[in-house]
Amino acid sequence: MRLQQCPIRRSGTTLPASDAELLDQGLGELDQFPTLDGSFSLHSSLFCEAFHNSAGALNEARAKFVRPAEVQRFKPDHTLRVLDVCFGLGYNSAALWDSLSGQTSRMQWWGLEIDARPLRLALANTGFINHWTHSTFNRLRSLDQCSEWTDADGQGTLLFGDARQCLDNIPEEQSFDLIFHDAFSPQRCPQLWSEEFLKRLGDRLAPEGRLLTYSRSAAVRTSLKRAGLELRSLLPAPGERQGWSSGTLAIKPPLLHAQSSGDGWRSLSQLELEHLKTRAAVPFRDPSGRDHAAEIIQRRHAEQRVCGLESTNSWQRRNGLNKPKNDRPSPLHN
Ligand SMILES: C[S@@+](CC[C@H](N)C(=O)[O-])C[C@H]1O[C@@H](n2cnc3c(N)ncnc32)[C@H](O)[C@@H]1O
Numbered sequence: 057m058r059l060q061q062c063p064i065r066r067s068g069t070t071l072p073a074s075d076a077e078l079l080d081q082g083l084g085e086l087d088q089f090p091t092l093d094g095s096f097s098l099h100s101s102l103f104c105e106a107f108h109n110s111a112g113a114l115n116e117a118r119a120k121f122v123r124p125a126e127v128q129r130f131k132p133d134h135t136l137r138v139l140d141v142c143f144g145l146g147y148n149s150a151a152l153w154d155s156l157s158g159q160t161s162r163m164q165w166w167g168l169e170i171d172a173r174p175l176r177l178a179l180a181n182t183g184f185i186n187h188w189t190h191s192t193f194n195r196l197r198s199l200d201q202c203s204e205w206t207d208a209d210g211q212g213t214l215l216f217g218d219a220r221q222c223l224d225n226i227p228e229e230q231s232f233d234l235i236f237h238d239a240f241s242p243q244r245c246p247q248l249w250s251e252e253f254l255k256r257l258g259d260r261l262a263p264e265g266r267l268l269t270y271s272r273s274a275a276v277r278t279s280l281k282r283a284g285l286e287l288r289s290l291l292p293a294p295g296e297r298q299g300w301s302s303g304t305l306a307i308k309p310p311l312l313h314a315q316s317s318g319d320g321w322r323s324l325s326q327l328e329l330e331h332l333k334t335r336a337a338v339p340f341r342d343p344s345g346r347d348h349a350a351e352i353i354q355r356r357h358a359e360q361r362v363c364g365l366e367s368t369n370s371w372q373r374r375n376g377l378n379k380p381k382n383d384r385p386s387p388l389h390n
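Residue numbers (this note's numbering): 57 to 390.
Here's what the structure looks like:
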């Protein structure tokens, strides 16, 4: 499956695919993608998109996933239950593990990923390895070698395959305090941002559990809201271009203390709420959980044509706004 030909200039070194089978399945080539904080990242030729924004992979993992997770709200004897959707090179989970290092926190961890190469390539990069404590590195290495880790603080399992199907392989009774959702952007990978998939993720959250994503797309936010979650907006990562939002925190009610702001997040602004009333809020739908990206995009366009909502362009003009970008900012496709 190829979504579309890359209209962009390729930069960096083309990395050889380590797994010919994956290339046969059309997962495309991975190129090195240098980021401003010096952290190693990749660019996918299939999705025509970088894995992280240009401000930096580590930067982004800390600001958009670890910081707003606010794990200090849990009691020390709590076993933290985490699901990392689109594990990739592993930055988000590794940054979380490192943030807990030295604390007596137990963890039950699950990851979903379709391609084994990003982690393999990251572990071949010395700069990447040097970011992490010894125990985090051991977990990453173990995931690369046998898709699991076990240590004194818990255990983790990485499931390889399409996240839509792999989610069913996590025991039904397993709920999560944190879900990191870090798929490629909704326009490139709509199958992982569909109303149906987001609802299934929302159903897996424990009360007060948090889903974190860099996406601020109105369609994604609307689907998370319809899944019964409360929405908050993420603050930009250091060095990141200031926009009107840097991502979304979705919280599962009931909330004991409904705060309007926290570490790295705030309530949605009036503008963000209005964005949810425009055509951009029409969700991505994938009723069978098996549709290709093109079918999902087409279905959404058809629904947008008849939805009766104000066009997002006219709403932007009315408010003197630049087009809100749903995608992860990247110089490769700006
Ligand atoms: C933006 S990158 C994730 C970056 C990652 N969180 C990190 O810290 O490196 C998106 C990832 O989604 C994976 N992916 C794409 N389609 C998928 C699918 N259907 N199911 C599971 N993973 C998928 C890609 O292989 C890629 O690693």
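Note that the Cβ used here is the ideal one computed from N, Cα and C, for glycine as well. Small disclaimer: the values here were computed from a predicted structure and weren't measured.
At a threshold of 7 Å, P174 counts as near ligand 1, since its beta carbon sits closer than that to one of the ligand's heavy atoms. Under the DSSP assignment, G299 falls outside any alpha helix (DSSP H); it carries neither an H nor an E label. Ligand 1 approaches G144 closely enough that one of its heavy atoms is under 7 Å from the residue's Cβ.
Between the stretch 212-221 and the stretch 123-135, the count of C-beta pairs closer than 8 Å stays below three; the two stretches do not touch.
By the CB criterion at 8 Å, R260 and T304 fall outside the cutoff. For T192, the three-state secondary structure derived from DSSP is helix. Within the same chain, Cβ atoms closer than 7 Å to the Cβ of R118 are found at A151, the five residues on either side in sequence being excluded.
A direct Cα-Cα distance of roughly 15 Å separates E251 from R272. With respect to the 8 Å criterion, R322 and R288 are classified as neighbours on the basis of their beta carbons. Contact annotation: the stretch 305-325 does not touch the stretch 141-148, with fewer than three C-beta pairs closer than 8 Å. Remark: the C-beta of E169 is in contact range of ligand 1, defined as less than 7 Å to any heavy atom.
By the 16-neighbour rule on beta-carbons within 10 angstroms, C104 is buried. Setting aside the 5 residues that flank it on each side, I353 is surrounded in the same chain by Q243, P246, F340, each with a C-beta closer than 8 Å to its C-beta; the list follows chain order. In this structure, S279 keeps its C-beta atom at 8 Å or more from the C-beta atom of L291. Three or more beta-carbon pairs separated by less than 8 Å are not found between the stretch 201-213 and the stretch 179-187, which leaves the two stretches without contact. Runs of the alpha helix (DSSP H) spanning 4 or more residues and lying entirely within the stretch 258-342 occur at 274-282, 326-331, in chain order. The beta-carbon separation of S191 and D207, rounded to 7 Å, stays under the 8 Å limit for a contact.
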